[in-house]
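Notes follow once the structure below has been shown.
Residue numbers (my numbering), protein chains in the order written: chain A, 18 to 577; chain B, 18 to 577.
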């Protein structure tokens, strides 16, 4: 890992997706000219209450709008496109380059945002090259779990860079072309200076499941189902959606689509010809009762146990049209995002309680990740024979294990870097290294209309409020006498149930009066900041002693 | 599932552990005489901020203290004993019956609580019967991941009940006796009216791993480790702790125990002769630097990524004595509790970043659950040949799948019930059924010194506060003029960073004054409740419109 300072060097700066799953965004820079790959978001972590999404920090692009030649979109998943509407204006609305599905999903989402500039999205095609400044770009089709997924060969003045996108190799995909190994081999033959490859499943042994296997298992379930079939999956897993529609048609079932995102994505894919179904297959929820149970499939979101998703609402009896009935077959066709296991178990239990049959991907191969396992990762290294290697997309442990895999394939340690968001990776014809300096790559949090305005302080307050609630004390002090007028007001939420704690509150009021009057009645100028601190600390300690909780104590003293 | 009303019936009431993992507690009642099995707690769920533990609701025992003949403790894990100190006084301090390890752990924990009555804990032994009123009880040894684990045969006037405790079958345990199939078969031969069996792993196929296999895999890691070995496990997994100590001795490593619970449990087990180690194996953390890296094992808690546990403090560089260094080998020897996957990944990444080698149970069989998989569950049904079957200990989906397994073994549906906490299961010589009436079995939450005082309202407030924070508005109104004095005070936390939102606050103040003065200045009596509601709603809507967040708005109006 050697660093050089020649001008003939390429800079690669990941702003998201390295050291995490999601929020993918990467800058490729040659002599000040900038190419961007993807602009995704990720979901907030558990200790970030109220946050909608986390997006990349793009402050290193400030003042460089004119140098951004274009933004390459690998595919239409939100972890690759979700940050676009938040930043489009700030980066000077550069041209985008995307496949049809990605383009349609991006444009559909733009409708939800106000005051957005009109986007210019150029369609890309497999093998069809185009030039942006010093870069010559060739998109190549890659299999994933959504159609129109592209890796990129980026020709630069010092050699070719290959970005794999999210991918897996599938020789038997359903309603999609199999992996084009010849094309990949041809790319490899033209010499690859740097391979950037998807690490999401770098810790998973063997080969990923083929969609064909999944189709066979799903077919078995469909064949045996006596009643209704309810499927829960991501609305972005268009391949799986296609499979479920096809199987429903095979077994004479009509399909109800439930959930806004599900309907939107199906509509987009159908319009563009990526989803094939017969006329009349889709029916409306309100017409479902006209069909026998074994002639019905209900397809919705909620495989993660999301609170407001279709499956959850059906499971808890809150759905407008559907309730679980004995004999229903439920198919969870999606992996569980780490952290969601508990809620998924909750939904499963609810379904079991109501007598449903539940199929989950851990019981049967009815879901495959869209990502290459170790054998495929080795294979793409073999095909590309890159000089340098940079694992992308994944938690740090995945990047490290991907790098080890590459070492096993003969790429020595000085020909690779394990980098993280904010690192500046410098590549010359002969060297790859990480610069000492970093660019800011911290989380930018989206909460409602606020972008980045929820910072550490606000988040820490939310965590504290969540833990033991808050306790506001309002004392009105007579300026002349230094006495507290009446009884201090107390507003508390999330601490204890006040009605059942009258003794405690009486004692708190008594103590507040004593503290305030001792300070205020002393004659001379009163240091109200000191008094407030005193109330906060003493009442805080008192509450902790009595009940071992530490609510946020907020004293307000009003002089009249 | 037929219910009868004869007097010759037994009532079984699970108060915890059925439909969940943890919080195990069960009542067995014959003509008003009560036997209790276990009194455990469970950890709070994600949407229960600030809650320490969840314990069973024992209100159905109110007024029945004199009828409680005794409490049988299966083993010393907190999900079986953790609720004892909260309820001991309320149930009249009845006699307990436990193995040695369980007794010692219970008594150790009692020291942390004040004003506890002196406990009477009778020691039980494998095969040694004792009588409590109408019940004749025979404990039988079962393998688990802690020693001194007992199932119970409970002889009742209508037949024998068998409770398996948490268990697995292990023919090659380490430092423990293998499963005693002969004893189990003998119990079965005496006719079993009801089998209550552990469902925790009822969804896992095949046989659980033997501790011997785990020992071999751990040995391999120890053999190859070049530097220090750090192990993270639960302090309650005494078997695993024994293995790590034994392997350390085999490879000439001294052992540092880190963490209070780890040291306490090791001390207890050692004193009772359940943990074997050489004199001098254990060293203090401050002496560790005297030994070469490859002569050192550091054993701590933190395999779940717990915030304050040893491993987390070492990984984040906050530990007093140890920091991660290149060449360290880290062994996570514990399964991940659902919901903790994300934090565990975070710790793993931190360790990788610092150059450690990480072994996790998903990469290698270095951890086994202490619970029977499907093949063992079938085997115990085979051995017991019970007339009736009740799956216990597990999420509802696990109970259902355990029941299906039993059906596959020839136990027909009318000979079993799938019950949940609060159900009253009635058993006669010929029937098993669930009563229509239920006893309260909801969550009782422990928060600091409060038991059950955090209810739905407080919890919902905490969730709301966490999501968007709070916004207190204090307006002082002159009673005579109806005018707001000065500018309303605003206290906000967890909403936005106030210093950067001065315009917003100014507008809020202006609106508050308008709303209040319009109401107060109208002459006549002022309905302050109405005015407060008005401020809450209008300011709430204004904030949402401006920033799409809904903080808890709390208006205070003070008349002077």
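Beta carbons: idealized from backbone N, C-alpha and C, even for Gly.
Opposite residue i in the DSSP bridges: which residues?
i	result
residue 215(B)	409(B)
residue 272(A)	299(A) and 314(A)
residue 123(A)	BP columns for residue 123(A) are empty, so no partner.
residue 376(B)	348(B)
residue 97(A)	None; residue 97(A) has no bridge partner.
residue 450(B)	443(B)
residue 455(B)	440(B)
residue 248(B)	316(B) and 348(B)
residue 148(A)	153(A)
For residue i, I'd like the list of residues in its chain whose CB is within less than 6 Å of its CB, leaving aside the five on either flank, ordered along the chain.
i	result
residue 502(B)	493 and 495
residue 377(A)	349
residue 371(B)	341
residue 374(B)	346
residue 191(B)	228, 232 and 260
residue 97(B)	41, 55, 57 and 91
Counting only beta-carbon separations shorter than 7 Å, does residue i have a partner in chain A?
i	result
residue 451(B)	no
residue 356(B)	yes
residue 478(B)	yes
residue 565(B)	yes
residue 589(B)	Residue 589(B) lies beyond the stretch modelled for chain B, which goes from 18 to 577, so this question has no answer here.
residue 108(B)	no
residue 104(B)	no
residue 238(B)	no
residue 308(B)	no
residue 525(B)	no
residue 533(B)	no
residue 34(B)	no
residue 223(B)	no
Quick check on residue i - is its C-beta less than 7 Å from some C-beta in chain B?
i	result
residue 215(A)	no
residue 530(A)	no
residue 347(A)	no
residue 514(A)	yes
residue 577(A)	yes
residue 434(A)	no
residue 475(A)	yes
For chain E, check one thing: does any of its Cβ atoms lie closer than 7 Å to the Cβ of residue i?
i	result
residue 78(A)	No chain E is part of this structure, whose protein chains are labelled A and B.
If residue i sits next to residue j, beta carbons under 8 Å apart, how far is it from one beta carbon to the other, in whole angstroms?
i	j	result
residue 59(A)	residue 71(A)	5 Å
residue 112(A)	residue 359(B)	So it is not a contact: roughly 37 Å between Cβ atoms.
residue 32(A)	residue 42(A)	4 Å
residue 3(B)	residue 482(A)	Here chain B covers residues 18 to 577 and nothing more, so residue 3(B) does not appear.
residue 529(B)	residue 552(B)	6 Å
residue 209(B)	residue 380(B)	The Cβ separation is near 41 Å, so there is no contact.
residue 69(B)	residue 463(B)	5 Å
Leaving out the 5 sequence neighbours to the left and right, which residues in its chain are closer than 7 Å to residue i when beta-carbon positions are compared?
i	result
residue 432(B)	404, 405, 406 and 449
residue 221(B)	390 and 391
residue 410(A)	34, 41, 183, 215, 216 and 217
residue 563(A)	521
residue 566(B)	485, 512 and 560
Leaving out five residues on either side along the sequence, give the residues of the same chain with a beta carbon under 8 Å from the beta carbon of residue i.
i	result
residue 292(A)	255, 258, 259, 262, 283 and 286
residue 281(B)	125 and 252
**Prompt:** Between the stretch 481-510 of chain B and chain A, which residues of the former have CB atoms less than 7 Å from a CB of the latter, in chain order?
**Reply:** 482, 483, 484, 485, 486, 487, 489, 491, 493, 506, 508 and 510
**Message:** Taking beta-carbon pairs under 7 Å, can you tell me which members of the stretch 453-469 of chain A lie near chain B?
**Reply:** 464, 465, 466 and 467
**Message:** Counting only Cβ-Cβ distances shorter than 7 Å, please list the residues of the stretch 46-74 of chain A near chain B, keeping chain order.
**Reply:** 62, 63, 66 and 67
**Item:** Against chain A: residues of the stretch 358-374 of chain B by CB proximity under 7 Å
**Value:** 358, 359, 362, 365, 366, 369 and 370
**Prompt:** Residues in the stretch 404-426 of chain A with C-beta within 7 Å of chain B's C-beta atoms, listed in sequence order?
**Reply:** 412, 413, 414 and 417
**Prompt:** Just by C-beta distance, which residues in the stretch 543-575 of chain B are closer than 7 Å to chain A?
**Reply:** 564, 565, 566, 569, 571, 573 and 575
**Prompt:** For the stretch 310-341 of chain A, which residues have a CB atom closer than 7 Å to at least one CB atom of chain B, in sequence order?
**Reply:** none
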